[in-house]
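Visitor:
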Amino acid sequence: MKTKRFPYLWLIILILIGISISNFTMQVTSDKPVVTPQISKSSEVETGVLSGYKNLHNVVKIYIPSTILVDKAANNARHVDQALEKFSKLFGGATAMEGIGAWVADDKKLVKEKVTIVYSYGEKLDKKALDEVVGYARQVKQEMKQSSVALEVNGKMYFIE
């Protein structure tokens, strides 16, 4: 006895394939096609649920070490407090978050240390504010005898030497 085949199976499969790739567009540049996903723009989200709320799109972070030189434990509370105060005055508020940083030293050994990241979000980021932040990073570098202090601005890492 013959079994009945589901006549619309191929149609359903094609519809599912169409739905799964509908979030992609194809661009042809020269002779190579490039497939890129369609991602909703943040401006579309902002005009919806988040419209009318204040947007702070700039972020500045300083990484306060917990050592002097490479491996001598130090209390970084004073520097963290100073950074919180400075960032709050410059950008309207600040947050401190503890973490662990690691890097490979010249002798090829892994060095790990506790680090406190102080960061602020702000509407505007001008040269004067950045000059103050860089100046403070230099101060931390000197006082904690570091080879550099990490500063992050809008997702880009800078090592202040």
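Under my numbering, the residue at position 37 of the sequence shown is numbered 38, and the numbers go up by one with no gaps. All residues carry an ideal CB built from backbone N, CA and C; glycine is no exception. Please read all numbers here as calculations on a predicted model, not as lab measurements.
Taking the alpha carbon of residue 144 as the point to measure from, which residue in 50, 57, 83 and 55 has its own alpha carbon closest?
Guide: Within the sequence shown, numbered from 1, the residue matching residue 144 stands at position 143. Looking at the Cα atoms, 83 is the closest of the given residues.
Visitor: When we look at the beta-carbon of residue 157 and count the other beta-carbons within 10 Å, is it buried (16 or more) or exposed?
Guide: By one-based count along the sequence shown, residue 157 stands at place 156. When all chains shown are included, residue 157 counts as exposed.
Visitor: The beta strand (DSSP E) with residue 97 in it runs from where to where?
Guide: Residue 97 sits at position 96 when you count from the first residue of the sequence shown. Residue 97 -> beta strand (DSSP E) spans 96-105.
Visitor: What number of angstroms, rounded off, separates the C-alpha of residue 63 from the C-alpha of residue 154?
Guide: The sequence position of residue 63 within the sequence shown is 62, counting from 1. The sequence position of residue 154 within the sequence shown is 153, counting from 1. If you take the alpha carbons of residue 63 and residue 154, they lie about 9 Å apart.
Visitor: Roughly how many angstroms lie between the CA atoms of residue 36 and residue 130, to the nearest whole one?
Guide: As a first step, residue 36 is located in the sequence shown; it is residue number 35 there, counting from the start. As a first step, residue 130 is located in the sequence shown; it is residue number 129 there, counting from the start. Bear in mind that a pLDDT of 46 at residue 36, under 50, signals an unreliable position, so the model cannot answer this.
Visitor: By the three-class DSSP mapping on this structure, what secondary structure does residue 162 have?
Guide: The residue labelled residue 162 in the question sits at position 161 within the sequence shown. Of the three classes helix, strand and coil, the one that applies to residue 162 here is coil, per DSSP.
Visitor: Judging by CA-CA distance, which residue of 71, 124 and 49 is the nearest neighbour of residue 59?
Guide: Walking along the sequence shown from the start, residue 59 turns up at place 58. The residue with the shortest Cα to Cα distance from residue 59 is 124.
Visitor: Nearest to residue 136 by CA position, among 87, 105, 113 and 110, is which residue?
Guide: Taking the first residue of the sequence shown as 1, we reach residue 136 at position 135. Considering only alpha carbons, the answer is 87.
Visitor: Using the C-alpha atoms, what's the distance from residue 65 back to residue 81?
Guide: Here residue 81 refers to the residue found at position 80 of the sequence shown. Here residue 65 refers to the residue found at position 64 of the sequence shown. Going by the C-alpha atoms only, they are around 7 Å apart.
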